[in-house]
Amino acid sequence: MAGDSGWIPANLDPARPSSARIYDYALGGGHNLASDRALFEQVLKVQPNARQIVWSNRSFMRRAVLFMMDLGIRQFLDLGSGIPTVGNVHEIAHKVDPACRVVYVDIDEVAIAHSKLMLEHEDNAAIVEADFTRPGEVLGHPETVRLLDFTRPIGLLAVASLHSVPTETDIYRPLERYRDALAVGSALAVSHFTADFEDVHTQELIEIVRAGAHNQVCARTRDEVLDLFGDFELADPGLVTAAAWRPDTAPAPDGGAAERGLWAGVAVKVRR
Ligand SMILES: C[S@@+](CC[C@H](N)C(=O)[O-])C[C@H]1O[C@@H](n2cnc3c(N)ncnc32)[C@H](O)[C@@H]1O
-18 MAGDSGWIPA
-8 NLDPARPSSA
2 RIYDYALGGG
12 HNLASDRALF
22 EQVLKVQPNA
32 RQIVWSNRSF
42 MRRAVLFMMD
52 LGIRQFLDLG
62 SGIPTVGNVH
72 EIAHKVDPAC
82 RVVYVDIDEV
92 AIAHSKLMLE
102 HEDNAAIVEA
112 DFTRPGEVLG
122 HPETVRLLDF
132 TRPIGLLAVA
142 SLHSVPTETD
152 IYRPLERYRD
162 ALAVGSALAV
172 SHFTADFEDV
182 HTQELIEIVR
192 AGAHNQVCAR
202 TRDEVLDLFG
212 DFELADPGLV
222 TAAAWRPDTA
232 PAPDGGAAER
242 GLWAGVAVKV
252 RR
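Here the numbering used here is used: position 104 in the sequence shown is 85, and no number is missing along the way.
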């Protein structure tokens, strides 16, 4: 049910920021509340380049989808898809091939409500409301079964979403379930927040989000992020910063230092 603003679900607590809405605000979207904006302003005080980091992630996602399409992939499962803003996976993919199929997965009520509206007349894409740490629910969901053919390669995306899962929750086993379900030729794209760069004020950022939002953000090391790919083979240039992954523009004069903060990579399933 919608509240006064149309897109605000009636049961939403407006005082409690969510990672989906904070991210929407950081990208310049319109589906966020005063509490989300206030939290992101706190983030900016600690990490003035936070918006650039967020944008470098969004651009990585676009390049990862196009890279997967170059591999021949025509179907996508997007774990933690967020509030639709400009350049969603089905929009990127449909520009190349309108027959591409996309299943979005999210748990945030605003992301769900807005995705449903956006996809109302879209036969080849759907949103699944589920916790992606429960792969059985995602993989067995009627929309996943309707849209995705698991005998053919699929592009699995976990872009800036796994770091919302608390470190005490196992994300490796769920990821393994997803990887196992995919056919050879499939690919996995991951970007993940990290404490590996000393110019990112990781601990302060984690504390700000933990104190204010109903989700968390957790940092993982490069090795911990590498483990998410299992035995999939990393495509060049390997696991690098989101900005450095196959950039389609020349690097900034500082070598992309302003956009450090996330590890990003794409790996391909080469064996059963
Ligand atoms: C920062 S947004 C990233 C959006 C998009 N993937 C991108 O990179 O542009 C992370 C999204 O993951 C979702 N999310 C976090 N934990 C989740 C979970 N356990 N199950 C499903 N969605 C989750 C959040 O609701 C949020 O919309």
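All C-beta atoms in this analysis are idealised placements derived from N, C-alpha and C, irrespective of residue type, glycine included.
{"Check": "Who are the near neighbours of T202 in its chain, counting only those whose CB is closer than 8 Å to its CB and skipping five residues on each side?", "Outcome": "T175, A176, D177"}
{"Check": "Nearest by alpha-carbon distance to R191: which of D51, F57, R127, T148 is it?", "Outcome": "T148"}
{"Check": "Leaving out five residues before and five after V83 in sequence, what residues of the same chain have Cβ atoms less than 6 Å from its Cβ?", "Outcome": "F57, V70, H71, A106"}
{"Check": "Our contact map puts A223 next to S37 with C-beta atoms below 8 Å; I'd like the distance itself, whole angstroms only.", "Outcome": "4 Å"}
{"Check": "Apart from the five residues just before and just after E185, which ones in its own chain have a Cβ nearer than 7 Å to its Cβ?", "Outcome": "V27"}
{"Check": "So if DSSP puts V247 in a beta bridge, which residue, or which two residues, is it bridged to?", "Outcome": "A170"}
{"Check": "My understanding is that L243 touches A141, with C-beta atoms under 8 Å, so please give their C-beta distance in whole angstroms.", "Outcome": "7 Å"}
{"Check": "Anyone know if the C-beta pair for G63 and A94 falls short of 8 Å?", "Outcome": "no"}
{"Check": "Look at A45 and L156 and say whether their C-beta atoms are less than 8 Å apart.", "Outcome": "no"}
{"Check": "Between the beta-carbon of S145 and the beta-carbon of V198, is there less than 8 Å?", "Outcome": "yes"}
{"Check": "Roughly how many angstroms separate the alpha carbons of D204 and H173, rounded to a whole number?", "Outcome": "12 Å"}
{"Check": "With respect to 7 Å, is the separation between the Cβ of A92 and the closest non-hydrogen atom of ligand 1 below this value?", "Outcome": "yes"}
{"Check": "Check whether the Cβ atoms of R341 and V165 sit closer than 8 Å, and answer yes or no.", "Outcome": "Because the chain is modelled from -18 through 253, residue 341 falls outside the range shown and cannot be assessed."}
{"Check": "Does the separation of the CB atoms of P123 and S96 fall below 8 Å?", "Outcome": "no"}
{"Check": "Measure the C-alpha to C-alpha separation of A(-17) and G211 and round it to an integer number of angstroms.", "Outcome": "A caution first: A(-17) carries a pLDDT of 39, below 50, which makes its placement in the model too unreliable to give a value."}
{"Check": "Give me, in chain order, the residues of the same chain whose beta-carbon lies closer than 7 Å to that of L120; leave out the 5 immediate sequence neighbours on both sides.", "Outcome": "A162"}
{"Check": "Could you tell me the boundaries of the alpha helix (DSSP H) in which V77 lies?", "Outcome": "70 to 77"}
{"Check": "What's the call for D5, buried or exposed, on a 16-neighbour Cβ count within 10 Å?", "Outcome": "buried"}
{"Check": "Start and end of the alpha helix (DSSP H) containing A7?", "Outcome": "0 to 7"}
{"Check": "Who are the Cβ neighbours of L52 in its own chain at under 8 Å, not counting the five residues just before and after it?", "Outcome": "P134, G166, A168, V249"}
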